Each structure stands twice: as structure tokens, then as C-alpha cells.
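Presented below is the structure to which this report refers.
Residue numbers (this note's numbering): 204 to 557.
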């Protein structure tokens with residue numbers, strides 16, 4: 204009798220998950236526990252947490268996990284910036300596939316395996332799943348922040364925040380799954396961009412003829428900021444670096460990047476001119492009236508879905524997101540103008556929010 208043929212199942216590719224981290228003692232356990240619950244083979248997985256010299260107890264938490272789970276490694280990031288953390292982690296990673304996650308994230312057991320499968324199945328250069336935004340606290344403000352960051356009026360047409368039922372080609376994704384060779388071809392993350400470095404890298408992928416794919420059935424939870432102050436600082440910084448990204452790539456990537464700045468600038472100009480020009484007063488009233496009406500309508504919808512207190516808070520959250528982002532964008536444009544005239548203007552010195 205002939206012996207039965209043995210089928211050899213090829214080993215899954217080694218995946219390196221890179222996690223930039225700084226002062227995230229409250230959230231890092233949730234992320235690491237969710238990774239450890241993965242259904243991807245642990246012997247084909249490594250986790251590189253690149254810590255920006257945390258001083259809130261995060262380092263003790265990381266040391267404990269690294270001691271108990273050899274697949275978890277902790278690297279020091281003395282520069283304390285996200286792009287440096289990513290580049291350091293990618294350089295030290297052993298995997299053929301690189302995956303980025305954030306300390307505020309929490310992924311389901313199928314997350315790693317499904318993204319690897321989608322990467323291999325589609326031949327895409329850069330794949331990722333949708334976010335489900337969770338509140339960072341139980342307060343009405345925190346719940347409103349999470350609701351606004353999943354609403355088109357709050358964040359525009361960012362598909363990864365809105366979800367998808369089909370494979371979609373998109374302009375950027377925040378948490379990607381990449382083949383290592385993509386970085387060998389296109390270079391690493393731009394370390395001058397302490398914010399928005401993922402968008403600049405995405406543009407390089409697209410300019411090289413690559414595809415960035417948002418895939419269905421893969422969802423990662425993300426804990427939003429809990430206060431208006433934290434949210435405002437974060438969106439100010441997002442706006443601050445957008446003009447520098449535009450200069451580096453030679454274009455504005457999407458219309459949603461300039462709308463808040465156009466809104467803030469139009470309000471400022473018309474209000475300044477209003478005491479002397481009647482048309483400016485009318486235009487200012489039209490712009491502000493339209494914005495407030497749309498804001499109120501969207502807040503009412505969120506109030507109907509999540510409760511009246513959340514709806515009331517959402518009106519303020521919408522305004523914080525739009526105004527802080529717009530002001531940051533305008534400040535970034537002024538910084539680039541100063542640089543072009545030979546004046547000192549180093550955006551990377553801006554104190555960063557977590």
C-alpha cells in the first residue's frame with residue numbers, strides 16, 4: 204500500500220507589530236492584552252513597543268509584560284516623537300510584514316491574521332481596517348468626542364473612521380499593515396513630521412503606483428481623548444503640520460484638509476472688516492449662521508442617538524475640532540512663510556500632546 208501524501212502547510216509570515224508609546228499607563232495594558240489574545244501563531248509574531256521615555260509608570264508596565272512574554276520587546280525612544288519611534292521599530296523588526304498599532308488601540312483576535320491575509324490576497328502595498336472610536340471616559344463630553352470623531356461633519360470623508368463593506372482604495376490609513384520591502388523601496392517615515400507622517404508616507408506609496416486598501420471585516424477599537432483640552436491640542440497639532448506635508452508632497456492631498464482653515468480664515472477676515480464694510484458684516488453673519496445651523500443639526504442627530512447631554516456636548520466638540528485644526532493649519536502656513544523668508548521656524552519644537 205502506498206503511504207498517504209503528507210500536505211505541508213507553509214508557515215505564516217513573521218509579523219512585527221510596532222507600537223509608538225509615551226505615558227500610556229492607562230491604555231497600554233488593554234492593547235497588549237488584546238494582542239496576546241490573537242489567533243495568529245505567537246511564534247510568528249513579535250511586538251516592539253517603542254517608548255518615549257515615559258514617566259507615568261508605563262515603563263514598569265512594559266517591563267512586566269516583556270518579562271512574562273518573550274514576544275514583547277521594549278525599545279527606548281529618546282527623541283520622543285512618533286516617526287522616530289516607527290523608524291526605530293521598523294529597523295529593529297525581524298518580520299517580513301510590519302504592522303503599526305497605537306497605545307490607545309485595542310484589536311480583536313482576528314485582527315493580525317485577517318490583515319495579513321488581505322495583504323497577501325489583494326497584492327496591496329498597504330492595507331488596514333476601520334476604527335471604532337470609543338470614549339476615553341464615561342462623561343458626556345468624552346462620549347460626545349467619540350461620537351464626533353465618527354461623524355462626517357466632524358472628520359469629513361475619512362473612510363477608516365466611517366467603515367466599509369467592501370475593499371476600497373483610500374488616500375491614507377493610520378494603522379497600516381505593510382511588507383518590509385515597501386520601506387526598502389520608498390524609505391522610512393519623515394522624522395520632521397512629528398504629526399501627519401502617515402499621510403506623507405501614504406502619498407509616496409500612491410506616487411510610486413502603489414495601492415492603499417481599506418478592507419472590510421477588520422475593525423480596531425480606538426480610545427479617543429477624554430477632554431476638550433486634550434482634543435483641541437491634538438487637532439491643533441494635526442492642522443499645524445498639514446501645510447508642511449503639502450509642501451513636501453507638492454499638493455494638498457484632499458479637500459477636507461483645508462476646509463477648517465478656510466472657515467476660520469473667512470470668519471476672521473469678515474469680522475475684522477465688519478466695523479467698516481457692510482458686506483463683510485453680512486458675509487460674517489452668513490458664514491457663522493450656516494455653520495451654527497449645520498452644527499446644531501448634527502448635534503441634534505447625535506443627541507437623538509446617544510442622549511441629550513451628549514448632543515449638547517457634541518455642539519462644542521464639533522467647534523473645538525474645526526477651530527483648533529483650522530488655527531493650527533493657519534499657524535503652520537505662517538511658519539512656512541517665515542521659513543521661506545529665512546526666519547527661524549521649527550515646528551518640531553512644538554510641545555506635543557499624547
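Note that CB positions come from ideal geometry on N, CA and C, so glycine has one too.
Computed from a predicted structure; not experimentally measured.
- Between residue 223 and residue 253, the gap from beta carbon to beta carbon is short of 8 Å.
- Annotation for residue 288: 223, 253 and 280 place their beta carbon closer than 6 Å to its own, counting only its chain and skipping 5 residues before and after.
- Residue 231 and residue 430 have their C-alpha atoms roughly 19 Å apart.
- Relative to residue 238, the option among 261, 226, 333 and 305 whose CA is nearest is 305.
- Taken through DSSP and simplified to helix, strand or coil, residue 310 comes out as coil.
- Around the beta-carbon of residue 318, 16 or more other beta-carbon atoms lie within 10 Å, marking it buried.
- Between the C-alpha atoms of residue 461 and residue 219 there is a straight-line separation of about 35 Å.
- Here residue 525 has 463 and 466 as same chain residues with Cβ atoms under 7 Å from its own Cβ, once five neighbours each way along the sequence are excluded.
- Taking 8 Å as the cut-off, the beta carbon of residue 338 is found closer than this to the beta carbon of residue 349.
- Pairing residue 271 with residue 439, the inter-Cα distance amounts to about 39 Å.
- Sequence-distant Cβ neighbours of residue 370 in its own chain, meaning closer than 6 Å and more than five residues away, are 416 and 418.
- Residue 222 is bridged by DSSP to 252.
- Non-local beta-carbon contacts of residue 216 in its own chain, meaning distances under 6 Å to residues more than five positions away in sequence, involve 299 and 300 in chain order.
- Residue 380 and residue 455 have their C-alpha atoms roughly 24 Å apart.
- By the neighbour-count definition (other C-beta atoms within 10 Å, threshold 16), residue 537 is an exposed residue.
- In this structure, residue 517 and residue 335 do not form a Cβ contact; the two beta carbons are roughly 18 Å apart against a cut-off of 8 Å.
- Beta-bridge pairing by DSSP links residue 301 to 219 and 381.
- For the pair residue 248 and residue 374, the Cα-to-Cα distance works out to about 28 Å.
- Residue 492 carries a helical assignment under DSSP once its states are collapsed to helix, strand and coil.
- In terms of Cα proximity to residue 311, the closest of 425, 385 and 534 is 425.
- Inclusion of residue 436 and residue 372 in the CB contact set at 8 Å is not warranted, their separation being larger than that value.
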